[in-house]
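So the protein lines, in turn, are chains A and B.
Last residue of the first sequence: 1052 (our numbering), numbering continuous.
Last residue of the second sequence: 1052 (our numbering), numbering continuous.
There are 2 protein chains.
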Amino acid sequence: MATEPPLPDLDRVPAPTPALPPTLLDLSTFLLARIGRTARGRLAERLAERGLRLWDMAVLAALADFGPHAQRDLVQRLGVDPSDMAKVADQLAAAGYVERTRDQVDRRRVSVAVTDTGRALLAELDARARAVQDEVLAPLDERERQVLQELLLRVHQGLGERRGSV
Amino acid sequence: MATEPPLPDLDRVPAPTPALPPTLLDLSTFLLARIGRTARGRLAERLAERGLRLWDMAVLAALADFGPHAQRDLVQRLGVDPSDMAKVADQLAAAGYVERTRDQVDRRRVSVAVTDTGRALLAELDARARAVQDEVLAPLDERERQVLQELLLRVHQGLGERRGSV
DNA sequence: AATATTAGTGGGTCCGCACCCACTGTAGGG
DNA sequence: CCCTACAGTGGGTGCGGACCCACTAATATT
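Below you can see the structure in the form of structure tokens.
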């Protein structure tokens, strides 16, 4: 594609493929931030196609993995603001992906459970997430992906997560 | 501090250390997003202590690594909006970290160059970034960090970055 | 019974990031 | 000389995420 020879115009600096500064690329921190943001963005895109956000998936996953939760416990597990959780649960319930029932022993509590539709949805979302993953991790072979996953997991466990987010 | 014995309340679900759903933890995408966000956040914090943002560092790094740029080239290299770049350059110039001079051949262009103060600042910012890195990658030993860095770099190169950000 | 505490909800705010448009000055091509 | 194209700037918008407060209903405490 390069129709013209290099021809270094002396003091024209970047030109063909403007690369990022090595000072940044040397920082794993930076790469993590950047890649993470991309991953998050693409995932969010894919979920948005179904009218959902990352939290919706997180909540469904928590319910599917651990069974019904009092909303309060979901809040704690996922580290979200109670108020925001209420809203998410609200939407999910409206769409029929979860069921909310008043706890009969403590009627303040709302127990949230995933429905069959919800489970099916989660499966689909998971598939989408894996599609994104294939896209992002394209340069790595299967072995390398496993290594990466393992390292990331260890790093993640070491994080004393201060605040929420998913 | 636990004054009472375990006493498994039967259908009380999470309790002690509310873990995240495996469905999510199995996704490298998810881990990347989460860790990346944390890394970014902590880095931003550290830079904020000096009144700077990530972009400021990115610009300084680009200038230090590749020499003076026309602002236009910085925009292209870092994938930022021209308008936003103008603002960043403005602040950096006001603080004396970069120098802006009208290009004499094409007086539309503004050439941006890092000053000595700017270089010194960058060194300090880099140190801060590495401190954050040590914090985040604490669970990994030196070998593993290198592996991670290498994998991340490959992944990053494979990203067909659509839009800006740093 | 009176009071404090807890679960959930419904508003609304603040902030950062990406993005866009209208405008000025300069350059280049007919 | 005129008109188009381009570099840079200033101002402003839209969105999403985190956060917060005031309030109700129910429960626990004394």
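Each residue gets a CB set at the ideal place from its N, CA and C atoms; glycine is no exception.
From the options, residue whose alpha carbon lies closest to that of residue i
i	options	result
B/Val945	B/Gly1004, B/Asp912, B/Arg988	B/Gly1004
B/Val1041	B/Thr915, B/Ala948, B/Arg923	B/Thr915
B/Leu938	B/Leu913, B/Leu978, B/Asp951, B/Ala947	B/Leu978
B/Gly1044	A/Asp1020, A/Gln957, A/His955	A/Asp1020
A/Trp941	A/Ala919, A/Val961, A/Ala1013	A/Val961
A/Asp1012	A/Lys973, A/Arg993, A/Leu913, A/Arg936	A/Arg936
A/Arg994	A/Ala919, A/Gln957, A/Asp912, A/Arg920	A/Gln957
Inter-residue spacing [alpha-carbon to alpha-carbon] between residue i and residue j
i	j	result
A/Gly965	B/Val998	43 Å
A/Ala1009	B/Asp959	45 Å
A/Ala905	B/Ala1015	20 Å
A/Thr889	A/Ala980	In this prediction, A/Thr889 scores a pLDDT of 34, lower than 50, which makes its location untrustworthy; no coordinate-derived value is stated.
B/Gly927	B/Ala934	10 Å
B/Thr1028	B/Leu1038	For the sequence presented, residue 1028 of chain B should be read as Glu rather than Thr. If you take the alpha carbons of B/Glu1028 and B/Leu1038, they lie about 15 Å apart.
A/Leu910	B/Thr909	32 Å
A/Asp1002	A/Tyr983	8 Å
B/Glu1036	A/Arg1031	12 Å
B/Leu907	B/Pro968	Going by the sequence as given, residue 907 of chain B is Pro instead of Leu. For B/Pro907 and B/Pro968, the distance between alpha carbons rounds to 41 Å.
A/Asp970	A/Asp976	10 Å
B/Gly1046	A/Ala925	12 Å
A/Arg898	A/Asp951	With a pLDDT of only 38 at A/Arg898, under the threshold of 50, the placement of this residue in the model should not be trusted; the figure read from the coordinates follows. Near 57 Å, if we compare the C-alpha coordinates of A/Asp951 and A/Arg898.
B/Ala919	A/Ala972	24 Å
Strand pairing of residue i, partner residues [DSSP]
i	result
B/Ala956	B/Ser997
A/Val984	A/Val1000
Expected contact under 8 Å - CB spacing of residue i and residue j to nearest Å
i	j	result
A/Arg932	A/Val991	No, A/Arg932 and A/Val991 are not in contact; Cβ-Cβ is about 40 Å, not under 8 Å.
B/Asp989	B/Val996	7 Å
A/Gly922	B/Gly922	2 Å
Own chain, CB closer than 8 Å to residue i, minus 5 neighbours either side, in chain order
i	result
B/Leu1034	Leu1023, Leu1026
B/Ala930	Arg939, Leu940
A/Leu917	Leu911
Beta-carbon contacts of residue i that lie in its chain and below 6 Å, excluding the five residues immediately before and after
i	result
B/Arg986	Ala979, Val996, Val998
A/Leu1007	Tyr983
7 Å Cβ shell around residue i - same chain, five flanking residues per side excluded
i	result
A/Ala948	His955, Leu960, Arg963, Leu964
B/Val974	Trp941, Asp942, Val945
A/Leu913	none
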